[in-house]
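Okay, structure first, notes after.
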Amino acid sequence: TLVNADTDQDIQTLAPGAVINLSTLPTRNLNIRANTDPAVVGSVVFELSGAQVQNQTESAAPYALFSDFQGDYFNWTPPAGSYSLTATPYSGAGGSGTPGTALTISFSVLDPTGAVTSFTLVNADTDQDIQTLTSGSVLDLSSLPTRNLNVRANVSSAPVGSVLFALSGPQNQNLLEGSAPFALFSDVAGNYNAWQPPVGSYSLTATPYRTTTGGGDAGPALTISFSVVDPTGTVTSFTLVNADTDQDIQTLTPGATLNLATLPTRNLNIRANATSDVGSVSFALSGQQTATATESVVPYALFGDFQGDYNVWVPELGTYSLTATPFPAANGAGAPGTALTMSFSVIEQGPPLPVTLTAFTCQVSSNEVDIRWATASELHNKEFVVQRSQDGQMFANLAVIPGQGSTNVAQTYSYRDTDLRPSMTVLYYRLQQVDFNGSSTYSLVRVVNLPNSLSRLQVYPTVVTDGQLYFAAPEKPVAGTLAQLELYNLQGRKMESYPATTLANGSIPTAGLKPGTYLLRYTSTTKSFTTRFVIP
-16 TLVNADTDQD IQTLAPGAVI NLSTLPTRNL NIRANTDPAV VGSVVFELSG
34 AQVQNQTESA APYALFSDFQ GDYFNWTPPA GSYSLTATPY SGAGGSGTPG
84 TALTISFSVL DPTGAVTSFT LVNADTDQDI QTLTSGSVLD LSSLPTRNLN
134 VRANVSSAPV GSVLFALSGP QNQNLLEGSA PFALFSDVAG NYNAWQPPVG
184 SYSLTATPYR TTTGGGDAGP ALTISFSVVD PTGTVTSFTL VNADTDQDIQ
234 TLTPGATLNL ATLPTRNLNI RANATSDVGS VSFALSGQQT ATATESVVPY
284 ALFGDFQGDY NVWVPELGTY SLTATPFPAA NGAGAPGTAL TMSFSVIEQG
334 PPLPVTLTAF TCQVSSNEVD IRWATASELH NKEFVVQRSQ DGQMFANLAV
384 IPGQGSTNVA QTYSYRDTDL RPSMTVLYYR LQQVDFNGSS TYSLVRVVNL
434 PNSLSRLQVY PTVVTDGQLY FAAPEKPVAG TLAQLELYNL QGRKMESYPA
484 TTLANGSIPT AGLKPGTYLL RYTSTTKSFT TRFVIP
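All residue numbers for the sequence shown refer to our numbering, where the first residue is -16 and numbers rise by one.
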């Protein structure tokens, strides 16, 4: 009788010419019991020959070819091949006494290499199964829990030492895996390597082998065809955002004209609105200014943001073209979706003055700003108030220049702003025209960039692209004194501080800064100077 040595239960009677197929048995751990008449004899002597030789004398029931301990059968996993087994009973223990009638049978053992039975798609982040991969399967990357995948070949219980994979399609992979789990892109002790499949159609074949090196008989292979799709989203619209309040101003439409004079602020940003299946958006701005950026977190902002706090962009006057391209994964990974391209222009046209203003200029001369304007005609014009701002938002009065009342004769006016301090880098000027009835209107704003010689803290380059900003301090710090450099954004938030060395020149890293305009302030016990630079 063929016995299951795991459970000590009978499997089948072993008849002459029997064929034992190890792949179909409930276990590979076997034994053979000789059944005697009477049930108890003195001993049984076994002689096994063939693919394996075994000579065994059993003096206590059950009489097992590979012995037992009180009915707990010892394991035997037979090698494949042909066998002849003879069992001879004896009246005495240890094969002594009178021999009885022997029984001889011949049988054979088959041990075919196992088969690849199925494929399983695996999450390479968690090493958990996602789904069974069958022929004709369509893998939608946008709906899977991860894009980091692997494929495992599942094999039958028959011996499989290795599996040879052959993947063809948009990506090819040929790999021999010599230990379970048998993974198409391998693993380390069950920690699956990641595969991000390109979109397209694939054919995958896995062939099992008996040895770990792909040797021995090959078992039944399994071939399937499957495809990978990656539906991508769409950028649906653009929104102009107030970077001071982080509130929407308006939807940008094709051919839109943005008038800085009528907008609530000059500090702007543009948000790309996209469908929910978008993982990132790449921007390309061309025209009067150029910019490129890839945003992987909502909101997708052309000039970036920090958790919805939009960075500032003050656009130059001119025409622009903006393209936003969606991608299914972060950092512009995957197949691009439907992009949106839009052209728009930026102007600055204030409301008309009661006077006909023919010129308004502001120019730096030495350590002062020369302000000049001219009129072709004036109507009830009491006066002009020259106003100045350091941020383009809050203006202060500098001087009051009397007007000419009502006249059709051309007039010219001028004023020199000599109150320039070292901390000033950019100044904004405008004219307030006041009528005799008290009503007033404002001119357009003129922007004046003061030279570095006025700031007395010089930085270079002013547009930093290599991650390092170099500075020349306004004085050589004295050892032991309190001197430092402080980095601010345009909202006045301190980003970093650096102790000033005893050297007048140095550099600070900028690689971690987001695109935008920043202020660098030098402070000592007696002086404070500020200048600005830009991260594109």
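C-beta: ideal position from N, C-alpha, C; glycine also.
(1) Do the segment 322 to 331 and the segment 302 to 314 make contact, defined as three or more Cβ pairs closer than 8 Å?
(2) For Y505, name the three-state secondary structure that DSSP assigns.
(3) Would L503 be called buried (16 or more neighbouring beta carbons within 10 Å of its own) or exposed?
(4) Should Y175 be labelled buried (16 or more other beta-carbon atoms within 10 Å of its own) or exposed?
(5) Near V417, what residues of its chain come up, given a Cβ to Cβ distance below 7 Å and the 5 sequence neighbours on each side ignored?
(6) Can you tell me whether Q370 is buried or exposed? The criterion is at least 16 other CB atoms within 10 Å of its CB, across all chains shown.
(7) Would you identify the three-state DSSP class for G262, choosing helix, strand or coil?
(8) Considering just the uninterrupted stretch of the beta strand (DSSP E) at Q179, what are its terminal residues?
(9) What's the gap between the Cα of I253 and the Cα of L205?
(10) Using a Cβ-Cβ cut-off of 7 Å (strictly less than) and excluding sequence neighbours within five positions of A313, which residues of its own chain qualify?
(11) On the DSSP bridge assignment, give the partners of I(-6) in chain order.
(12) Along the chain, where does the beta strand (DSSP E) that runs through R16 open and close?
(13) Does the Cβ-Cβ distance between A63 and L93 come in under 7 Å?
(14) Alpha carbon to alpha carbon, how far is T408 from N432? Give it in angstroms, no decimals.
(15) Can the beta-carbon of V442 be found less than 7 Å from the beta-carbon of F454?
(16) What three-state label does DSSP hand A136 in the structure shown?
(17) Select from A(-2), D402, Q35 and R429 the residue whose C-alpha is nearest the C-alpha of L414.
(18) Let me check understanding here. Comparing Cα to Cα, which of D402, S145, Q451 and F266 lies closest to G198?
(19) Across which residues does DSSP place Q467 in a beta bridge pair?
(20) Near T195, what residues of its chain come up, given a Cβ to Cβ distance below 8 Å and the 5 sequence neighbours on each side ignored?
(21) Could you tell me the alpha carbon to alpha carbon distance between G489 and L468, rounded to whole angstroms?
(22) Helix, strand or coil for N314, going by three-state DSSP, please let me know.
(23) Looking at C-alpha atoms only, which residue of R399, M377 and F221 is the closest neighbour of E351?
(24) Thinking just about the alpha-carbon of each residue, which of F310, N225 and Q233 is nearest to the one in S259?
(25) Might you give, ordered along the chain, the residues of its own chain that have their beta carbon closer than 6 Å to the beta carbon of T10, omitting 5 neighbours on each side?
(26) Assuming S139 contacts G97 (C-beta within less than 8 Å), just tell me the rounded distance between them.
(27) For L167 and G183, what's the separation of their Cα atoms in angstroms?
(28) If the criterion is Cβ atoms closer than 7 Å, does the pair T358 and Q332 meet it?
(29) Please work out which residues of its chain come closer than 6 Å, Cβ to Cβ, to T190, disregarding the five sequence neighbours upstream and downstream, and give them in chain order.
(30) If you drop the 5 nearest sequence neighbours on each side, which residues of the same chain put their C-beta closer than 7 Å to that of A149?
(31) In the DSSP assignment, what are the bridge partners of E160?
(32) At the level of alpha carbons, what is the spacing between R249 and A456?
(33) Using only the alpha-carbon positions, how far apart do F52 and T109 sit?
(34) Quick one: is the Cβ of T306 within less than 6 Å of any heavy atom of the ligand MN?
(35) If you reduce the DSSP assignment to three classes, tell me which class A322 lands in.
(36) Using the Cβ count rule (16 or more neighbours within 10 Å means buried), how would you classify E299?
Looking at the coordinates:
(1) yes
(2) Here Y505 sits in strand by DSSP.
(3) So L503 ends up on the buried side.
(4) buried
(5) K365, E366, V368 and S423
(6) buried
(7) coil
(8) Careful: Q179 lies outside any beta strand (DSSP E) and carries neither H nor E.
(9) Approximately 53 Å, taken between the alpha carbons.
(10) G262, S263 and S279
(11) I(-6) is not bridged to any residue.
(12) L13 to A17
(13) yes
(14) 6 Å
(15) yes
(16) In this structure, DSSP gives A136 an extended state, which the three-state scheme calls strand.
(17) R429
(18) S145
(19) P482 and T506
(20) G144, S145, G161 and S162.
(21) 11 Å
(22) helix
(23) R399
(24) Minimum Cα-Cα distance from S259 among the listed residues F310, N225 and Q233 corresponds to F310.
(25) N(-13) and D(-11)
(26) 4 Å
(27) Counting only the Cα atoms, G183 lies some 17 Å from L167.
(28) no
(29) L147, A201 and A204
(30) N157 and T188
(31) V146
(32) 31 Å
(33) 45 Å
(34) The model depicted lacks the ligand MN and carries no ligand whatsoever.
(35) coil
(36) exposed
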